[in-house]
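Colleague: In the numbering used here, the protein residues as written are 3 to 246. The following block contains the structure, expressed as C-alpha cells.
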Ligand code: GRF
C-alpha cells in the first residue's frame, strides 16, 4: 500500500468483507478494495453514537451543502432515546437503536455481532464514531480495518479518555482542540487524520472550552471524511499520509 495514491481498504482476515464499490472501482478484489482519487461515488458512511449527535448533524449538513461527497447510510445508537437518532430521522436517514448488550462499556460478543449485521445490511463503507461511548473490540476492527473514524475532543496524544476538555482546563494548557483519527485497539491511540486547534482562555470553564472545541469538531469530521471520499488518505503504519 505504500506509495499508492489510494486509500487502501483492507479487510484483514475477511471476517466481514464489505461489498466493493463497483467492479470498475475494485482494484485487488481478494483482500479489499481501493477508492480511486476523485471518484464521484459518494462515500457510504455509517454514523454510530450514543448522545446528542451534533457531529452527526454536522456531517449531514456538510453533505447537504455539497462540502462532503458522502451518503449517510444509517445512524446507529446503543441508547434508545439518544437525540442522534432523532436527528437522523429528521434528515431522512435510517435510524436504529441497536442493542449493545451484554457489556456496558465495550462493544463485544453478541452486541458486536448485532452492530456488524446492521452495518453490513446498510452497506456501510466507513464508520464514523460520533460520541459512541464504548470501546471497539477486534471483531469490528478487523471487519472494518482502517475504516473506523473517531472524533476526540483533544489534541491527541494529550488528554485521551473522558472529559478531555476538563482535563485541558485543569492542566492549564493554552491550546486545545480536536482530533479525527482511525480507531485501533487502544483508547484514542489510532493514526491521526487531522487536528484542529482552539485557544484556551484564562476565563474558560470546561463548558466554554468544550463549546469552542465542538465548533471545530463540526468542521473537522466532515473534512476528514471528504479526504477519504476523495481517495487521498493512506495509512502507513501509524502515520496517515494525505495526497495533495
Ligand atoms: C464530542 O465531543 C466528541 O469529541 C466525543 O463525543 C462528543 C460527541 O458529541 N467523542 P455529539 O454527540 O456529536 O454532540
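All residues carry an ideal CB built from backbone N, CA and C; glycine is no exception. Being a predicted model, the structure only gives us computed values, none of them experimental.
Report the three-state DSSP secondary structure of residue 167 (helix, strand or coil).
Modeller: Reduced to three states, the DSSP call for residue 167 is helix.
Colleague: For the candidate residues 146, 151, 71 and 58, whose alpha-carbon lies nearest to that of residue 242?
Modeller: 151
Colleague: Contact criterion: CB-CB distance below 8 Å. Does residue 93 meet it with respect to chain B?
Modeller: The chain labelled as chain B is not found in the depicted structure, where only one protein chain is given.
Colleague: Less than 8 Å between the C-beta atoms of residue 202 and residue 164, yes or no?
Modeller: no
Colleague: Using a Cβ-based criterion (distance less than 7 Å to any ligand heavy atom), does residue 133 qualify as near the ligand GRF?
Modeller: yes
Colleague: Helix, strand or coil for residue 204, going by three-state DSSP, please let me know.
Modeller: In the three-state scheme derived from DSSP, where H, G and I count as helix and E and B as strand, residue 204 is classed as coil.
Colleague: Looking at the structure shown, is residue 85 part of a helix, part of a strand, or coil, going by DSSP?
Modeller: Here residue 85 sits in helix by DSSP.
Colleague: Please work out which residues of its chain come closer than 6 Å, Cβ to Cβ, to residue 134, disregarding the five sequence neighbours upstream and downstream, and give them in chain order.
Modeller: 50, 51 and 52
Colleague: At 3 residues or longer, what runs of the beta strand (DSSP E) sit wholly inside the region 60-113?
Modeller: 72-79 and 97-99
Colleague: Are residue 45 and residue 128 closer than 8 Å when you measure CB to CB?
Modeller: With contacts defined by Cβ atoms closer than 8 Å, residue 45 and residue 128 form a contacting pair.
Colleague: If we call anything under 8 Å between Cβ atoms a contact, is residue 157 one with residue 181?
Modeller: yes
Colleague: Which complete beta strand (DSSP E) runs does the region 192-239 hold, if anything under 3 residues is left out?
Modeller: 194-201 and 235-238
Colleague: Going by the CB atoms, is the gap between residue 153 and residue 222 shorter than 8 Å?
Modeller: yes
Colleague: Please report the residue range of the beta strand (DSSP E) in which residue 178 lies.
Modeller: 177-184
Colleague: Is DSSP giving residue 57 helix, strand or coil here?
Modeller: helix
Colleague: Can you tell me whether residue 224 is buried or exposed, with buried defined as 16 or more other CB within 10 angstroms of its CB?
Modeller: buried
Colleague: Could you give the first and the last residue of the continuous beta strand (DSSP E) run that contains residue 141?
Modeller: Premise fails: residue 141 lies in the alpha helix (DSSP H), 140-145, not in any beta strand (DSSP E).
Colleague: Kindly indicate which three-state DSSP category residue 34 falls into: helix, strand or coil?
Modeller: Residue placement at residue 34 is poorly supported in this model, since its pLDDT is 33, which falls under 50; the coordinates still yield a value, given next. If DSSP states are grouped into helix, strand and coil, residue 34 belongs with the strands.
Colleague: Is it buried or exposed for residue 61, if we count other Cβ within 10 angstroms and need 16 for buried?
Modeller: Buried, by the Cβ-count rule.
Colleague: Can you find a heavy atom of the ligand GRF that lies under 7 Å from the Cβ of residue 183?
Modeller: no
Colleague: Please classify residue 86 as buried or exposed, where buried requires at least 16 neighbouring CB atoms within 10 angstroms.
Modeller: buried
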